[in-house]
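Residue numbers for the sequence shown follow the numbering used here, beginning at 1 and rising by one. Cβ coordinates follow ideal geometry from the N, Cα and C atoms, glycine included. Working notes, beginning with the structure itself.
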Amino acid sequence: MKRKAEKEEIELKRQKEHREQKEHKEAQEQKVTHEKVDIYLDQICGQVKAREVHNDLREELGNHLHEIICDKEQEGYSPEQAAAYAIEQMGDPTELGKSMHKLHRHRMHWGLLVGIIGLAMVGVILTFIYTITSPDASKQYSASHLIYTGLGVMAMLFCTFFDYRKWIRFAWWIYISINVLLYINPMLSESYGSMNRFLHLPFGIALDVTTLAISILPLAIGGIMSDRLRVGLSLQSICIYAALVVLPMVLLYQISDWVRLSLFACVAVLLFGWMTKKWWYTVITGFSCGVAVVLLLLVTDKYSRWERLSIVFHLDKDPQGNGFTYNSIIDIVKTAGWWGNGLGTPMDSLFKYFYLSFPGVMLVDMFGWSACVLLIVGVVWLIRTMTKMLPRIKDTFGAIIAVSVTITLALQMLYSLAAMTGRVPILSISFPLLGYGSHVILEYAMFGLLLGVYRRKDTVSINGNRNRTRIQGRA
Numbered sequence: 001m002k003r004k005a006e007k008e009e010i011e012l013k014r015q016k017e018h019r020e021q022k023e024h025k026e027a028q029e030q031k032v033t034h035e036k037v038d039i040y041l042d043q044i045c046g047q048v049k050a051r052e053v054h055n056d057l058r059e060e061l062g063n064h065l066h067e068i069i070c071d072k073e074q075e076g077y078s079p080e081q082a083a084a085y086a087i088e089q090m091g092d093p094t095e096l097g098k099s100m101h102k103l104h105r106h107r108m109h110w111g112l113l114v115g116i117i118g119l120a121m122v123g124v125i126l127t128f129i130y131t132i133t134s135p136d137a138s139k140q141y142s143a144s145h146l147i148y149t150g151l152g153v154m155a156m157l158f159c160t161f162f163d164y165r166k167w168i169r170f171a172w173w174i175y176i177s178i179n180v181l182l183y184i185n186p187m188l189s190e191s192y193g194s195m196n197r198f199l200h201l202p203f204g205i206a207l208d209v210t211t212l213a214i215s216i217l218p219l220a221i222g223g224i225m226s227d228r229l230r231v232g233l234s235l236q237s238i239c240i241y242a243a244l245v246v247l248p249m250v251l252l253y254q255i256s257d258w259v260r261l262s263l264f265a266c267v268a269v270l271l272f273g274w275m276t277k278k279w280w281y282t283v284i285t286g287f288s289c290g291v292a293v294v295l296l297l298l299v300t301d302k303y304s305r306w307e308r309l310s311i312v313f314h315l316d317k318d319p320q321g322n323g324f325t326y327n328s329i330i331d332i333v334k335t336a337g338w339w340g341n342g343l344g345t346p347m348d349s350l351f352k353y354f355y356l357s358f359p360g361v362m363l364v365d366m367f368g369w370s371a372c373v374l375l376i377v378g379v380v381w382l383i384r385t386m387t388k389m390l391p392r393i394k395d396t397f398g399a400i401i402a403v404s405v406t407i408t409l410a411l412q413m414l415y416s417l418a419a420m421t422g423r424v425p426i427l428s429i430s431f432p433l434l435g436y437g438s439h440v441i442l443e444y445a446m447f448g449l450l451l452g453v454y455r456r457k458d459t460v461s462i463n464g465n466r467n468r469t470r471i472q473g474r475a
């Protein structure tokens, strides 16, 4: 009996040793398998220059390899044999890596760039023509526009090649800084047309503070709110977003810049609708804001703005006063014909002296309705190009930038086109890249942000950052 127990004990020890050896062998084979897979994935990622997507590629391709390995192990293959088979099925790592690099690399949106260059060339040409044809014009206009354009191109290049995702870290600081600048600007600047828009810096530089604010604040607010609205729509997130929007609106009202206030409100409302996908709420909010702005303008305006704006509906009442500019635009557009009056058009009227503020009308006067049609087609095509970019952008913050910039520039371009008819109220909205002034620097920078977002759309990690998922509004 004792001998039988000893034999059973010996057999159990032998089985245990055999099981341990087998487990050790399987562990070694699994280790070798993982090493082979890791080496294979390293070789693939070595061909992809965008390091941001390496983890995504390793996860995706690694899962596919392990699925093949598991299938083959169930068929009786050893782990090492299954790994060799899976790698063979995936193909040469160098060629596969090169194909992945073609999918995940920086890209330039050449169509958008062509549109930007086209508008820039029209702006430079019109400014040059104005300089040489106007008897009282100084060559300083042309030189200043070239300087602004040069600075704008540098800003565009910086925003194109700088990683826009780094800006989100400073969203709060940017938001606070811009609001502080709006608050102190009336104390530091002189009133210009009942507004305190411009802050005069050294070397004769005038900073358009309100235009700067409406260009940058939507991006900062979007960066602050992207996480809150991404996880769901709540009363708290709505209140925070409203507070972030109302503060700059109050400061813009303090500066008495109604145009920038209205434009900022439009961008903020449309951005909220896009972020939350609650379009009925957006329509109701937008309508309420519009009514509030009109009532506020009627009650508090001290500079007869409403009278000057509403004259467009009664041009015959004050043709030589508030209606003079509208009538001048209508007459020029009517008499231009298909081919215009040519470069020799005399700049002999009071209205034409301000042509740099109405580049579209100047274009029609000199080159006719045909040039106007080309401009309209070009602007519509450019806006369509910008909107077609939006579904391709996977990064949350990148999509917010693209939506904000597209809305801001599109609203300005469309209103500037409408103002060429002389049938809509003339506002201090400049035609992006065509109008004369330092605002073109900001406009180039905004286009640069668009190009930068598109450039990195295929090199953004989907799983490695909390902002990679497109915002999906939830109830």
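TODO: Give me the Cα-Cα distance between Gly-46 and Val-37, rounded to the nearest whole angstrom.
DONE: Numbered from its first residue, the sequence shown carries residue 46 at position 46. Numbered from its first residue, the sequence shown carries residue 37 at position 37. Going from the Cα of Gly-46 to the Cα of Val-37 covers about 14 Å.
- [ ] Look up His-101 in the DSSP assignment and say whether it is helix, strand or coil.
- [x] Indexing the sequence shown from 1 puts residue 101 at position 101. In this structure, His-101 counts as helix in the three-state DSSP scheme.
Task: Per-residue burial, Arg-169 [other beta carbons within 10 Å of its own, 16 or more giving buried] - done: The sequence position of residue 169 within the sequence shown is 169, counting from 1. Under this definition Arg-169 is an exposed residue.
Open item on the list: Beta-carbon within less than 6 Å of Tyr-85's beta-carbon, same chain only, minus the 5 sequence neighbours each way: which residues are those?
Closed with: The residue you call residue 85 lines up with position 85 of the sequence shown. So the qualifying residues of the chain are Lys-72.
Task: Pairwise C-alpha distance: Glu-52 and Gly-464 - done: The residue you call residue 464 lines up with position 464 of the sequence shown. The residue you call residue 52 lines up with position 52 of the sequence shown. Its pLDDT being 48, under 50, Gly-464 is placed unreliably by the model, and nothing is read from it.
TODO: Taking 8 Å as the threshold, find out whether the stretch 312-321 comes into contact with the stretch 79-98 through three or more Cβ pairs.
DONE: no
- [ ] Please name the residue, chosen from Ser-177, Ser-262, Tyr-241, Ile-240, that lies closest to Met-249 on a Cα-to-Cα basis.
- [x] Taking the first residue of the sequence shown as 1, we reach residue 249 at position 249. Cα-wise, what sits closest to Met-249 is Ser-262.
Task: Assigned exposure category for Phe-158 - 16 Cβ within 10 Å defines buried - done: Against the sequence shown, residue 158 aligns to sequence position 158. Phe-158 should be labelled exposed.
- [ ] Check the C-beta distance from Leu-126 over to Leu-363 and give it rounded, since I have them as a contact under 8 Å.
- [x] Mapped onto the sequence shown, residue 126 falls at position 126. Mapped onto the sequence shown, residue 363 falls at position 363. The Cβ separation is near 6 Å, so the contact holds.
TODO: Check the C-beta distance from Leu-356 over to Tyr-130 and give it rounded, since I have them as a contact under 8 Å.
DONE: In the sequence shown, the residue the question calls residue 356 occupies position 356. In the sequence shown, the residue the question calls residue 130 occupies position 130. Yes, they are in contact, since the Cβ atoms of Leu-356 and Tyr-130 sit about 6 Å apart, within 8 Å.
- [ ] Starting from Ala-171, trace the beta strand (DSSP E) both ways and give me its first and last residue.
- [x] The residue labelled residue 171 in the question sits at position 171 within the sequence shown. It is not in any beta strand (DSSP E) - Ala-171 instead sits in the alpha helix (DSSP H) that spans 171-188.
- [ ] Rounded to whole angstroms, what's the CA-CA distance from Val-259 to Ser-226? Just pull it up for me.
- [x] Residue numbering aside, residue 259 sits at position 259 when the sequence shown is read from its first letter. Residue numbering aside, residue 226 sits at position 226 when the sequence shown is read from its first letter. Straight-line Cα distance between these residues: approximately 27 Å.
- [ ] Would you kindly work out how many angstroms separate the C-alpha atoms of Phe-128 and Ser-288, rounded to a whole number?
- [x] Taking the first residue of the sequence shown as 1, we reach residue 128 at position 128. Taking the first residue of the sequence shown as 1, we reach residue 288 at position 288. Rounded to whole angstroms, Phe-128 to Ser-288 spans 44 Å at the Cα level.
TODO: Using the Cα positions of Ile-441 and Leu-151, report the straight-line distance between them to the nearest angstrom.
DONE: On the sequence shown, position 441 is the one that residue 441 refers to. On the sequence shown, position 151 is the one that residue 151 refers to. So the two alpha carbons sit approximately 6 Å from each other.
- [ ] Taking only the alpha-carbon atoms, compute the straight-line gap between Thr-406 and Leu-414 and give it to the nearest angstrom.
- [x] For the purposes of this step, residue 406 is taken as the residue at position 406 of the sequence shown. For the purposes of this step, residue 414 is taken as the residue at position 414 of the sequence shown. Answer to the nearest angstrom: the Cα atoms are 12 Å apart.
Task: Contact under 8 Å by Cβ, Val-333 with Pro-425 - done: Here residue 333 corresponds to residue number 333 of the sequence shown, with the count starting at 1. Here residue 425 corresponds to residue number 425 of the sequence shown, with the count starting at 1. Cβ distance not < 8 Å, so Val-333 and Pro-425 don't count as in contact.
Task: Alpha carbon of Met-487 to alpha carbon of Leu-112, nearest angstrom - done: For residue 487 there is no data in the structure shown, the boundaries of the chain being 1 and 475.
Open item on the list: Just to confirm the assignment: which complete alpha helix (DSSP H) runs, minimum length 4, are found wholly within the stretch 200-250?
Closed with: 209-231
Open item on the list: For a test of the three-state rule: what should DSSP assign to Phe-158, helix, strand or coil?
Closed with: Stepping through the sequence shown from its first residue, residue 158 is reached at position 158. In this structure, Phe-158 counts as helix in the three-state DSSP scheme.
Open item on the list: Three or more C-beta pairs under 8 Å: does that hold for the stretch 236-251 against the stretch 211-222?
Closed with: yes
- [ ] Classify Phe-313 as helix, strand or coil using the three-state DSSP reduction.
- [x] As a first step, residue 313 must be located in the sequence shown, where it is residue number 313. In the structure shown, Phe-313 sits in a helix (DSSP, three-state: H, G or I).
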